[in-house]
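To keep things clear, I will list the structure first and then write my remarks on it.
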Amino acid sequence: MQILSLGRNRIMTYDGIEKLRSLANLSVINLEDNPIAMDEDNPTREYVAAFLPKIKYYNYTLIDDETRASAREKYSRELRKLEEIESEELMRREKLQKDTEEEVLLGKCFVEFLIQQRLFDTLFEPWDNALNVDEKSLQLQEEFRQKYVVIAKELRDIAVQEHERRQEEIRAFKNCIEDARKETQSKAQRLIETYLEEKEESSLDTSSTSERLDEMWKSLMEEEVLLFENIVAGIEGFRTSLENLIGEFFQRAQTCLNRIREADSVYLDALEEAVTEFIMLKITSNRENEIPADLKDSDSIASKIIQMGQRQRLKIDETKRVLVEKAKVWVKEFICELHEEEVQRNRNNIVEINYFLDYEREIITE
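Counting in the numbering used here, the sequence shown runs from 1124 upward without gaps.
The following block contains the structure:
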């Protein structure tokens, strides 16, 4: 939109007009005969000149540089505040877009659990906080989180690297398929052109032309069947290649997840020791009343640590399983998509070949 005419309305405030700054192509605005245009102390022309820098004409009259500079000076404080708000909003939108793009990418890489430390957060339940008895126990959890972040970053980079590797293989395979299709198409085109030239240059009788058509149909179908069989075989071979790539990725991913599990075990051992020390300190200093009720029994502490560890190990193992399952489903669906695409292409080409031959037969029998 380049021109916005809002004249002769009941606009009584400038609130919201600054939102027009987002309209990149808007260069003309008309607000005459509105209540806000009657304020002689704060002319609407000045407000528009200050807050809408892309507007060149107000009420179809050019806004000169002097007017704009004066208006910006007059509203300098309000402008600074608005520009700060816009800058913060821009940063928020850019972060949101970046986060969204990262989420989509990690989904394609089968590692959604890395989004915003999702896996780490799921390792803990609210009741685990009972074991965070002092600063030392909290520090141990933070150290575990920091180790997790480092390993998760490595896993993220591996996942993206392997994703790009798969995409490169897919591009190469599709290029090979396309080259084979183009080659077969060129052969078919040459066969048809040769037939049409012979028909144009010779005076073949109906019987001879029909025989020539049969020969061409056979040649075209042989080329199409050969192409179809080769592509289907190629797709099955590519399935194996993708499965091998996925297997290699899983081995690397599993190494990272095992490291997270090891870091978790170290954390749990240190946590049990820290909680035990905390309890002993309270007992020796005659402050047993400061010990949480559910931690007064040493067996209870060990039980809570064991339960936490079992749950966390199961969560990490489940993450491995889901990763593998998603990757396998992707391979299956992708190969199925390639196969269906080739089957449909083959059917369309066969219909096209038969249609052309039927059309030619109709001509020679007329």
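Just so it is clear, CB atoms sit at the ideal spot from N, CA and C, and this is done for glycine as well.
Between which two residues does the alpha helix (DSSP H) carrying residue i extend?
i, result
"Asn1298", "Glu1258 to Glu1324"
"Ala1173", "Thr1167 to Phe1174"
"Gln1220", "Ser1199 to Lys1231"
"Phe1243", "Arg1241 to Thr1245"
With a cut-off of 8 Å on the beta carbons, I'd call residue i and residue j a contact; round off their distance for me.
i, j, result
"Ile1274", "Ile1383", "5 Å"
"Leu1246", "Lys1405", "Actually they are not in contact, since the Cβ atoms of Leu1246 and Lys1405 sit about 28 Å apart, beyond 8 Å."
"Ala1173", "Tyr1198", "4 Å"
"Ile1354", "Ala1295", "Wrong, their Cβ atoms sit about 15 Å apart, outside the cutoff."
"Glu1483", "Leu1336", "6 Å"
"Ala1386", "Lys1270", "4 Å"
"Ala1376", "Leu1461", "Not confirmed; about 25 Å, so no contact."
"Ala1450", "Phe1373", "7 Å"
"Asp1251", "Met1431", "6 Å"
"Arg1268", "Phe1243", "6 Å"
Apply the 10 Å Cβ neighbour rule to residue i and answer buried if 16 or more other Cβ atoms are within range, or exposed otherwise.
i, result
"Ala1192", "exposed"
"Cys1379", "buried"
"Leu1129", "exposed"
"Ser1260", "buried"
"Arg1313", "exposed"
"Met1339", "buried"
"Arg1289", "buried"
"Thr1407", "exposed"
"Lys1427", "buried"
"Ala1282", "buried"
"Thr1317", "exposed"
"Ala1147", "exposed"
"Ile1186", "buried"
"Leu1311", "It is Ala, not Leu, that sits at residue 1311 in the sequence shown. The residue is buried, with at least 16 neighbouring Cβ atoms inside 10 Å."
Closest to residue i by CA distance: which of the options is it?
i, options, result
"Leu1343", "Glu1475, Gln1269 and Lys1142", "Glu1475"
"Gly1464", "Ile1358, Glu1211 and Arg1288", "The amino acid occupying residue 1464 in the given sequence is Glu; Gly does not appear at that position. Minimum Cα distance to Glu1464 is reached at Ile1358."
"Gln1284", "Trp1250, Leu1228 and Glu1321", "Leu1228"
"Asn1469", "Cys1459, Glu1347, Phe1401 and Leu1368", "Glu1347"
"Leu1149", "Tyr1183, Asp1187 and Glu1323", "Tyr1183"
"Gln1262", "Pro1166, Leu1391 and Arg1216", "Leu1391"
"Asn1255", "Phe1457, Leu1480, Ile1424 and Leu1319", "Ile1424"
"Val1454", "Leu1394, Arg1215, His1286 and Glu1321", "His1286"
"Ser1388", "Leu1418, Ile1429, Phe1351 and Ser1210", "Ile1429"
"Leu1480", "Glu1320, Ile1315, Glu1323 and Ser1331", "Ile1315"
"Leu1175", "Ile1402, Leu1202 and Glu1211", "Leu1202"
"Ser1330", "Ala1393, Glu1366 and Thr1488", "Thr1488"
Look up residue i in the DSSP assignment and give the residues it is bridged to.
i, result
"Ile1126", "Val1151"
"Thr1184", "Tyr1181"
Answer yes or no: does any C-beta atom of chain D fall closer than 8 Å to that of residue i?
i, result
"Arg1268", "You won't find chain D in this structure, because it holds only one protein chain."
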